[in-house]
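Every position in the sequence shown, counted from 1, becomes a number in the numbering used here once 2 is added.
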Amino acid sequence: MNETGTLFIVPTPIGNLADITHRALTVLAEVNLIAAEDTRHSQKLMQHYAIGTRLISLHDHNESQRAKQLIEKLKLGENIALISDAGTPLISDPGYGLVSQCREAGVNVIPLPGACAAITALSGAGLATDRFRFEGFLPVKALARQQALEKLKAETCTSVFYESPRRVLDTVKLIVEVLGEQRQMVLAKELTKTFETFYSGSAGSCVSWLEEDANHQRGEFVLMIAGEKNDQTQVSPEALKLLTSLMKELPLKKAAAITAEQYSLKKNHLYQIGLEL
3 MNETGTLFIV PTPIGNLADI THRALTVLAE VNLIAAEDTR HSQKLMQHYA
53 IGTRLISLHD HNESQRAKQL IEKLKLGENI ALISDAGTPL ISDPGYGLVS
103 QCREAGVNVI PLPGACAAIT ALSGAGLATD RFRFEGFLPV KALARQQALE
153 KLKAETCTSV FYESPRRVLD TVKLIVEVLG EQRQMVLAKE LTKTFETFYS
203 GSAGSCVSWL EEDANHQRGE FVLMIAGEKN DQTQVSPEAL KLLTSLMKEL
253 PLKKAAAITA EQYSLKKNHL YQIGLEL
């Protein structure tokens, strides 16, 4: 049986054209075909790096049909690169259907590391990064958007969203309404570009900042919302059970420290509970 070709998932710059790896450029130059979200947009990147590989479109409206065509080529041994307009394909961009079908068909899929707006923004935001949830774009319909934000009321990790310039003000106002004007958040826009901007503050102050200058609403946004802070004096039954169990094997100080780290609680508070036990 002939070996199939390979589908390469290739991240492209999110702004600054220099933000692309040597490996990505090599793959784009050597594959037989590049499947691009918007061929006209991607042609600028190809021209910048003098890459002459043929482009073919793959977007939300033709992915189902195009995937079958591309898989046929892959099965014949051709190598294909999948790119989006910017960043890592499939992350709020087309490509899921193609990759899923390639896996089912036994076609080799190789993802390359590279630019991603969500990760870039999060790494520079100053919010907690030990845990986070990526939500992509919020729903278009108002009720669905509100319901999506309602789910974050008790969320303790950082939440990350993409947002367009025309909706960003309404979205942040809705965040104030649902999560409260004091919820901390960070707005990041125009990442890696000349006017890259990070604005940190309460949700209420973010609304004021967006409204004070029309330019503040321009550009593609990443919205990052801080998680709800745990009440570190509330000890759950699970935490109490762990503390009790550890106390049988370890000194109280060590047992309290381990339980505190596991459940994000205050070590001294747990120590006092241990003494009472």
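Glycine included, C-beta positions come from ideal geometry on N, C-alpha and C.
If you're wondering where the values come from, they're calculated on a predicted model, not measured in any experiment.
Asked, Found
"Where residue 26 falls, given that 16 or more other Cβ within 10 Å makes a residue buried", "buried"
"Sub-8 Å separation of residue 129 and residue 226 beta-carbons", "yes"
"Sequence-distant residues of the same chain with beta carbon closer than 6 Å to residue 83, five excluded per side", "10, 12, 29, 30, 33, 36"
"First and last residue of the uninterrupted alpha helix (DSSP H) at residue 261", "254-265"
"Residues near residue 184 in its chain [Cβ-Cβ closer than 6 Å; skip 5 each side]", "204"
"Neighbourhood of residue 265 by C-beta, 6 Å cutoff - its chain only, sequence neighbours within 5 removed", "241"
"Nearest residue (CA-CA) to residue 77, options 6, 42, 211", "6"
"For residue 75, the three-state DSSP class (helix, strand or coil)", "helix"
"C-alpha distance - residue 45 paired with residue 86, whole-angstrom precision", "12 Å"
"Host beta strand (DSSP E) of residue 22 (start-end)", "Where residue 22 is concerned, there is no enclosing beta strand (DSSP E), given that its DSSP letter is neither H nor E."
"Classification of residue 109 by the beta-carbon crowding that lies within 10 angstroms, buried from 16 upward", "buried"
"Residue closest to residue 280, alpha-carbon to alpha-carbon, out of 270, 101, 279", "It is not possible to answer for residue 280, since the shown part of the chain is limited to 3 through 279."
"Cβ pair count under 8 Å reaching 3, the stretch 153-171 against the stretch 129-144", "yes"
"Beta-bridge pairing of residue 203 - partner residues as DSSP gives them", "187"
"With 16 other Cβ atoms within 10 Å as the buried cut-off, status of residue 50", "exposed"
"Proximity below 8 Å, CB of residue 176 to CB of residue 224", "no"
"Buried or exposed (CB count within 10 angstroms, at least 16 for buried), residue 279", "exposed"
"Span of the beta strand (DSSP E), counted from its first residue to its last, around residue 161", "160-165"
"Endpoints, beta strand (DSSP E) assigned at residue 11", "8-11"
"Closest Cα partner of residue 143 within the set 173, 258, 163", "173"
"Reference residue 153; option with closest CA among 165, 180, 138", "180"
"Identity of the residue in 146, 186, 178, 140 nearest residue 324 by Cα", "The question about residue 324 has no answer here: the residues shown for the chain are numbered 3 through 279."
"For residue 113 and residue 102, the rounded distance between their alpha carbons", "13 Å"
"Buried/exposed call for residue 164, threshold 16 Cβ in 10 Å", "buried"
"Every unbroken beta strand (DSSP E) inside the stretch 29-57 [3 residues or more]", "35-38"
"Residue closest to residue 168, alpha-carbon to alpha-carbon, out of 146, 213, 124", "213"
"Of the residues 267, 196, 274, the one placed nearest residue 17, counting alpha carbons only", "196"
"Cβ shell of residue 20 (< 6 Å), same chain only, five flanking positions each side left out", "none"
"Test item: CB-CB of residue 261 and residue 245 under 8 Å", "yes"
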